[in-house]
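*Asks:*
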Amino acid sequence: MSAAVQARDKGVARFRTRLFTAMMIIVATLTALSLYLAQRKVTADAEQNLQRTFQAELSSLHKLEELRHATLTDRCNALAAKPRIHAAIEDNAIDLLYPSAKDELRDLMEGEEPPPEQAAQSLHARFYRFLDPKGAVIKPLNPYDVGELDAKTGAQLALDKLPDTQQIGYIQEKTQAGAESIDEVIAVPIFSTDTGDVISALVIGFKRLELEDKHTGMKSGIWTNGQLHLPALPEPTQASLNDKLAGALANSDEGESYFRVDVGGAPHLLFYKRLNPGSLFPPAFEICVYPLASAMAQLHRLRWQIGGASALLLLGGFVASHLVALRLSAPVKKLALDSEENRAQRKRAEAALASTAEELERSTRYSADASHQLKSPVTVFRLGLESLLAREDFKPEVYEELSALLHQTHRLTGVIDDLLLLSRMDAGHLQIASTPVNLSQLVDEWLDDFGALPDSPDVKIEKEFPHRLFVAGEKRYTSLIVQNLLENARKYNRPGGWIRVSAHGNGRDVVLTVGNTGRTIPPSENIFERFHHNSTPSAASGHGIGLNLARELARLHGGDLRLVRSENDWTEFEVRFPAVDGVNAVA
Amino acid sequence: MLWLNAIVSMLPAALLASAAVEGGVELPKSHSAPVQAKRYQIVTKGGVLSTQPPLAVVYLDGPFPQPASLPAKQVTQKDLTFIPSLLPVRVGTKVEFPNLDDTYHNIFSYSPAKRFDLGRYRPDERPIPTQVFDKPGLVILRCDIHEHMRGLILVLNTPHFVMTDTHGRFRLEGLPAGHYTLKAWIDSRTTREKSVELKSGETLHVDFP
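Here it is in structure tokens:
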């Protein structure tokens, strides 16, 4: 027993370990997966957010610029409609162009430079120049009035030809301090009101509108003419970014993209977007460098959170697996105990069954043995009596005595036969070979035999059954039942009494009723019990197994035998036989 | 009025000589309907100014002595146009610019031959703004207020000039005998010329193809 308990406990422990290991594997996998997904998501989100920010800022910048451009277009259209401008250009009076435009464009150059937030609305220009029909810059007589430019800067304003739409460009300018700055220039065509041709262009230079830094740590700049201008970054960083940008811009046809860069050892996202697609001026790109610091911090935080959650999950998993193992192992334990108990019970039951079966067999064998052992001496006895009866030298009283003895041997044989049959039935060895049996004929035969019996009392027999009434059964046993009932009715009748035998079929069954006059059977008497004793001794007493045998046989045939009534000088038995299908239909 | 002016201007020459030139100038084809009452307008096509319908000015180029005084000419502004739209004058001629409209005009010119700006003035402006054209060449008149208004003054170095009719026919009389260059101004970019030998009492026939 203790070995079994040990084995069982070991099994439970192993189960627990396995469960915990499985949980650990699941939790570890989940952790790794969520870490991976979180990292991916955070990175993607950061990139997406920054991209969105970049585009939003850029588009707001573009809106401001568009506002400015629209105003400028209006301005130039109005300017072009001025006869003096036409006259100056068309009548070869270029020297009068700037003076003629001066009044019109006076507000562009006047006043102080506005603060950056009003730069877009104010239209305050750094300088302006006119282009001649070949696209070259028309030199102003008095540069002070139109914004002074050094020769190198001024040269960048020239175009290969006059534009027929607004052109945006970005030029580098060296300020007095020696620092480089970027000016945004807009070239607006001037159309002749007479011919509709472009006769000139006004190029206006503005201080570049810069992207607003909305607490993202963003640094913006311009990439133009193969040179990055991002003054917020130190020179070496600019140089390295410049190389990367040159590579990226050379390899992509897109006007807009982004990539990761390292600025000062920290990861940044660099966005670029073409500012002047299709312009006659050299291509320029807005460059924005966003630090990924917040995304990194978020990632860091998330890693800790996920790690912590996983540790908690693992701990919880440990506790849970422990509990689950306990919960699960309890029924297992119980099952082990139960099965042991069941086994013991089963063994006991099997033993009991075996002994019962043995007993049964023994008793059956005993009954059979007894019958055989009894039968042979009775036969010897009977043969001896018969041979004695065949002699003629005895006195008549002796013959009477011998006849009585012979009768008793016949009874004894009958008892022994019944016992044999019963013992076979008890052992379950009796098989019914069912055939249609004509019950009516059987009853008639037995009733005929009555008359031939020596001790037949004076009874009247009443019959009430069809001529042919078939039942399903084995003839000898059916006959035995019928004989039993009829003999009892005769045997326990009173002198001058009567017997009534009736039978009828109801389709499914055939019911045979045998009634007789005579003493009644008290309810306390178990007449169907084997070897029962009559409460009132009488001359006609049976051996006490006939009714039992008849009932057993009836039941074996699928029918039954019962006492219907026994009162007022009338006892009636009823036996039910299974009918033969279709045979009794015409009965 | 115009022919009277022409006759008056030619009078001194007619006293000295009696040569004449007549002929035709092939004018560019006009696609628009003829304008009533010689109200010619100046049109610009590809930066080239000409009258509509086309007219030419034929003149005899050459050094002629400058007279002490020249009669004044007029270019009026009426119905937002210059009348006449093309006026040939001799160098040194004073031209008046009366405003006959009910609105302001501001006549100016950026042309190399004459730069001037009369400023804004109303019809009742007195004296009538004038300008003396003392350099030969084409002067494009514009109005600063009405940007479509165009007028031409052809300042010539000679007293012998005439405007063709709408068919291009012309006749110059009272010319001095001698060797000259006869020119035909057709538009702001086209002036044709031919050498002519003029003899007294004869009429030379010249066609400008």
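Quick mapping for you: the protein sequence lines, in order, are chains A and B.
Here my numbering is used: the first residue of the first sequence is 1, the next is one more, and so on.
Here my numbering is used: the first residue of the second sequence is 1001, the next is one more, and so on.
C-beta: ideal position from N, C-alpha, C; glycine also.
For A:Asp581, which of A:Ala70, A:Glu392 and A:Asn506 has the nearest alpha-carbon?
*Replies:* On the first sequence, residue 581 of chain A is found 581 positions in, with the first residue counted as 1. Ranking the options by Cα distance to A:Asp581, first place goes to A:Asn506.
*Asks:* According to DSSP, what are the bridge partners of A:Arg260?
*Replies:* By 1-based counting over the first sequence, the position of residue 260 of chain A is 260. According to DSSP, A:Arg260 bridges with A:Leu269.
*Asks:* What does DSSP give as the partner residues of B:Asp1061 in its beta bridges?
*Replies:* Numbered from 1 along the second sequence, position 61 holds the residue referred to as residue 1061 of chain B. Answer is B:Thr1181, bridged to B:Asp1061.
*Asks:* Run through the DSSP bridge pairs and tell me what A:Asp560 is partnered with.
*Replies:* Start at 1 with the first residue of the first sequence, and residue 560 of chain A comes out as number 560. According to DSSP, A:Asp560 bridges with A:Arg576.
*Asks:* Just the Cα atoms here: how many angstroms apart are B:Phe1116 and B:Gln1131?
*Replies:* Translated into the one-based positions of the second sequence, residue 1116 of chain B becomes position 116. Translated into the one-based positions of the second sequence, residue 1131 of chain B becomes position 131. The alpha-carbon atoms of B:Phe1116 and B:Gln1131 are separated by roughly 8 Å.
*Asks:* Just checking: is the beta-carbon of A:Leu141 within a distance shorter than 8 Å of some beta-carbon in chain B?
*Replies:* As a working mapping, residue 141 of chain A is identified with position 141 in the first sequence. Not one chain B Cβ lies under 8 Å of A:Leu141.
*Asks:* Relative to the alpha-carbon of A:Thr478, which residue among A:Val459, A:Phe281 and A:Leu512 has its alpha-carbon at the smallest distance?
*Replies:* Residue numbering aside, residue 478 of chain A sits at position 478 when the first sequence is read from its first letter. It is A:Leu512.
*Asks:* Between the alpha carbons of B:Phe1082 and A:Pro283, how many angstroms are there, rounded?
*Replies:* Counting from one through the second sequence, the residue named residue 1082 of chain B turns up at place 82. Counting from one through the first sequence, the residue named residue 283 of chain A turns up at place 283. For B:Phe1082 and A:Pro283, the distance between alpha carbons rounds to 49 Å.
*Asks:* For a contact meaning CB atoms closer than 8 Å, what does B:Glu1147 contact in chain A?
*Replies:* Start at 1 with the first residue of the second sequence, and residue 1147 of chain B comes out as number 147. Simply Ala81, Lys82, Pro83, His86 and Thr193.
*Asks:* I'd like the list of long-range same chain contacts for A:His467, defined as Cβ closer than 6 Å, with 5 residues on each side in sequence excluded.
*Replies:* Counted from its first residue, the first sequence places residue 467 of chain A at position 467. Answer for A:His467: Ser440, listed in chain order.
*Asks:* Roughly how many angstroms lie between the CA atoms of A:Gln238 and A:His229, to the nearest whole one?
*Replies:* Position 238 of the first sequence, counted from the start, is the residue given in the question as residue 238 of chain A. Position 229 of the first sequence, counted from the start, is the residue given in the question as residue 229 of chain A. Each residue's Cα considered, the two are about 8 Å apart.
*Asks:* For the beta strand (DSSP E) that contains A:Tyr98, what are its first and last residues?
*Replies:* As a first step, residue 98 of chain A must be located in the first sequence, where it is residue number 98. It is not in any beta strand (DSSP E) - A:Tyr98 instead sits in the alpha helix (DSSP H) that spans Leu97 to Glu104.
*Asks:* According to DSSP, is A:Arg379 helix, strand or coil?
*Replies:* Taking the first residue of the first sequence as position 1, residue 379 of chain A is located at position 379. Reading off the sequence shown, one finds Thr at residue 379 of chain A, where the question assumed Arg. Helix at A:Thr379.
*Asks:* How about B:Leu1156 and B:Pro1136: do their beta carbons lie closer than 8 Å?
*Replies:* Within the second sequence, numbered from 1, the residue matching residue 1156 of chain B stands at position 156. Within the second sequence, numbered from 1, the residue matching residue 1136 of chain B stands at position 136. In this structure, B:Pro1136 lies closer than 8 Å to B:Leu1156 by Cβ.
*Asks:* Would you mind giving the Cβ-Cβ distance between A:Trp446 and A:Val482, rounded to the nearest angstrom? I have them listed as a contact below 8 Å.
*Replies:* What you label residue 446 of chain A is simply residue 446 of the first sequence in a count that begins at 1. What you label residue 482 of chain A is simply residue 482 of the first sequence in a count that begins at 1. The pair is a contact, with the Cβ atoms about 6 Å apart (cut-off 8 Å).
*Asks:* So that I know if they touch, is there some Cβ in chain B lying closer than 8 Å to that of A:Asn92?
*Replies:* Locating residue 92 of chain A in the first sequence gives position 92, counting from the first residue. True, the Cβ-Cβ gap to chain B drops below 8 Å.
*Asks:* I'd like to know if B:Ser1050 contacts chain A, where contact means its C-beta is closer than 8 Å to some C-beta of that chain.
*Replies:* The residue labelled residue 1050 of chain B in the question sits at position 50 within the second sequence. Answer no: the Cβ-Cβ gap between B:Ser1050 and chain A never drops below 8 Å.
*Asks:* Listed from N- to C-terminal order along the chain, which residues in the region 1099-1128 of chain B have their beta-carbon within a distance smaller than 8 Å of any beta-carbon of chain A?
*Replies:* Phe1108, Ser1109, Tyr1110, Ser1111, Pro1112 and Arg1115
*Asks:* Does the separation of the CB atoms of A:Ser200 and A:Cys288 fall below 8 Å?
*Replies:* On the first sequence, position 200 is the one that residue 200 of chain A refers to. On the first sequence, position 288 is the one that residue 288 of chain A refers to. Not a contact, by the Cβ cut-off of 8 Å.
*Asks:* Just the chain B side, please: which residues come within less than 8 Å of A:Leu96 by C-beta, in chain order?
*Replies:* Counting from one through the first sequence, the residue named residue 96 of chain A turns up at place 96. Within chain B, the residues near A:Leu96 are Tyr1110 and Arg1115.
*Asks:* Let me confirm a value: A:Pro377 is counted as buried when at least 16 other C-beta atoms fall within 10 Å, else exposed. Which label applies?
*Replies:* In the first sequence, residue 377 of chain A corresponds to position 377, counting from 1. Answer is exposed; the Cβ neighbour count stays below 16.
*Asks:* So, is B:Asp1187 buried or exposed, given that buried needs 16 or more other C-beta atoms within 10 angstroms?
*Replies:* For the purposes of this step, residue 1187 of chain B is taken as residue 187 along the second sequence, with counting starting at 1. Label assigned to B:Asp1187: buried.
*Asks:* Looking at B:Gly1024: is its Cβ nearer than 8 Å to the Cβ of B:Thr1181?
*Replies:* The residue labelled residue 1024 of chain B in the question sits at position 24 within the second sequence. The residue labelled residue 1181 of chain B in the question sits at position 181 within the second sequence. Cβ distance not < 8 Å, so B:Gly1024 and B:Thr1181 don't count as in contact.
*Asks:* Go ahead and pull the three-state DSSP assignment for A:Gly147.
*Replies:* Mapped onto the first sequence, residue 147 of chain A falls at position 147. Here DSSP, grouped into helix, strand and coil, assigns A:Gly147 to coil.
*Asks:* Return the residue from the list A:Tyr98, A:Asp164, A:Ala187 and A:Tyr170 that minimises the CA-CA distance to A:Asp145.
*Replies:* In the first sequence, the residue the question calls residue 145 of chain A occupies position 145. Checking every option, the nearest Cα to that of A:Asp145 belongs to A:Tyr98.
*Asks:* Measure how close the beta-carbons of A:Ile545 and A:Ile499 come, nearest whole angstrom, since I'm counting them as under 8 Å.
*Replies:* By 1-based counting over the first sequence, the position of residue 545 of chain A is 545. By 1-based counting over the first sequence, the position of residue 499 of chain A is 499. Contact doesn't hold; Cβ gap of about 22 Å is too wide.
*Asks:* Would you mind giving the Cβ-Cβ distance between A:Arg274 and A:Pro267, rounded to the nearest angstrom? I have them listed as a contact below 8 Å.
*Replies:* On the first sequence, position 274 is the one that residue 274 of chain A refers to. On the first sequence, position 267 is the one that residue 267 of chain A refers to. About 25 Å separates the two Cβ atoms, so there is no contact after all.
*Asks:* What's the gap between the Cα of A:Phe573 and the Cα of A:Leu561?
*Replies:* By one-based count along the first sequence, residue 573 of chain A stands at place 573. By one-based count along the first sequence, residue 561 of chain A stands at place 561. Looking at the two C-alpha atoms, the distance is approximately 7 Å.
*Asks:* Can you give the Cα-Cα distance for A:Phe318 and A:Arg18, rounded to whole angstroms?
*Replies:* As a first step, residue 318 of chain A must be located in the first sequence, where it is residue number 318. As a first step, residue 18 of chain A must be located in the first sequence, where it is residue number 18. Their backbone Cα atoms lie some 12 Å apart in a straight line.
*Asks:* If you draw a straight line from the alpha carbon of A:Lys395 to that of A:Thr413, how long is it in whole angstroms?
*Replies:* By 1-based counting over the first sequence, the position of residue 395 of chain A is 395. By 1-based counting over the first sequence, the position of residue 413 of chain A is 413. When rounded, the distance between both Cα atoms is 27 Å.
*Asks:* Would B:Ile1140 count as contacting chain A if we go by Cβ distances under 8 Å?
*Replies:* Sequence index remark: in the second sequence, residue 1140 of chain B carries index 140 (1-based). Yes, because at least one Cβ of chain A sits closer than 8 Å to the Cβ of B:Ile1140.
*Asks:* Check each candidate in B:Thr1044, B:Thr1076, B:Val1058 and B:Arg1090 and name the one with the smallest Cα separation from B:Pro1065.
*Replies:* Taking the first residue of the second sequence as 1, we reach residue 1065 of chain B at position 65. With distances taken between Cα atoms, B:Pro1065 lies closest to B:Arg1090.
*Asks:* Can a CB atom of chain A be found closer than 8 Å to the CB of B:Asp1144?
*Replies:* Walking along the second sequence from the start, residue 1144 of chain B turns up at place 144. Chain A contact via Cβ: present.
*Asks:* Indicate whether at least one CB of chain A lies closer than 8 Å to the CB of B:Thr1044.
*Replies:* Mapped onto the second sequence, residue 1044 of chain B falls at position 44. Answer yes: the Cβ-Cβ gap between B:Thr1044 and chain A drops below 8 Å somewhere.
*Asks:* Out of curiosity, what's the CA-to-CA distance linking A:His504 and A:Gly384?
*Replies:* The residue you call residue 504 of chain A lines up with position 504 of the first sequence. The residue you call residue 384 of chain A lines up with position 384 of the first sequence. Rounded to whole angstroms, A:His504 to A:Gly384 spans 46 Å at the Cα level.
*Asks:* Taking the straight line between their C-alpha atoms, what separation do you get for B:Arg1122 and B:Ser1109?
*Replies:* Indexing the second sequence from 1 puts residue 1122 of chain B at position 122. Indexing the second sequence from 1 puts residue 1109 of chain B at position 109. Answer to the nearest angstrom: the Cα atoms are 18 Å apart.
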